[in-house]
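Here the sequence shown is numbered in my numbering, starting from 32 and rising by one per residue.
Note that beta-carbon positions come from the ideal geometry of N, C-alpha and C, so glycine has one too.
Structure first, then comments.
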Amino acid sequence: MISNAQRALWTFLIYALVAPFFAALAVLVLIALTWTFNLTSLLPVEVTSLGEVALAVFVWSIVPAVLTALALAGVVWRTGGFNWLLAVVVAIIAFAIAAMVLPLDLDHARPYLAFLAGIVALMVRQALVQADIIVE
Numbered sequence: 032m033i034s035n036a037q038r039a040l041w042t043f044l045i046y047a048l049v050a051p052f053f054a055a056l057a058v059l060v061l062i063a064l065t066w067t068f069n070l071t072s073l074l075p076v077e078v079t080s081l082g083e084v085a086l087a088v089f090v091w092s093i094v095p096a097v098l099t100a101l102a103l104a105g106v107v108w109r110t111g112g113f114n115w116l117l118a119v120v121v122a123i124i125a126f127a128i129a130a131m132v133l134p135l136d137l138d139h140a141r142p143y144l145a146f147l148a149g150i151v152a153l154m155v156r157q158a159l160v161q162a163d164i165i166v167e
């Protein structure tokens, strides 16, 4: 039997480590799709290297991922799980806090990136549910 403390530890670790990877992967896929369909005018800046963009997204998204992980680990410690709406709300608030503290020159893209943060939080939550770490 897994205790709530163990669930909280795994929740923190997976949100802190996997969420930045999912965010970088999602941005990488979106940029690749804009190149494929010749929609590069939709991108806020000129992208020269996919690897550089993915690494920058990974590094920048560590702070909101850790903030999300801390908040959700506290909830898991007390209750053993959380619903999808809480994951999305916490991730969007953590993204907003990180966007205020860290430099992000993409001012007009912040709402879309906040939406992406919510999607990433849903993906990580589903991974936790599938691994039987949190209860649904």
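Taking C-beta atoms under 8 Å as the contact rule, Ala148 and Pro95 qualify, at a distance of about 6 Å.
For Ile33, the three-state secondary structure derived from DSSP is coil.
In chain order, Phe43, Tyr46 and Ala47 place their CB closer than 6 Å to the CB of Ala100, counting only its own chain and leaving out the 5 sequence neighbours on each side. Glu83: member of the alpha helix (DSSP H) spanning Leu81 to Trp91, first to last residue. Nearest neighbour of Asn114 by Cα position, chosen from Phe146, Leu153, Val84 and Ala129, turns out to be Leu153. Within its own chain, the residues whose Cβ lies closer than 8 Å to the Cβ of Thr65, once the five positions on either side in sequence are excluded, are Thr71, Leu73 and Leu74, listed in chain order.
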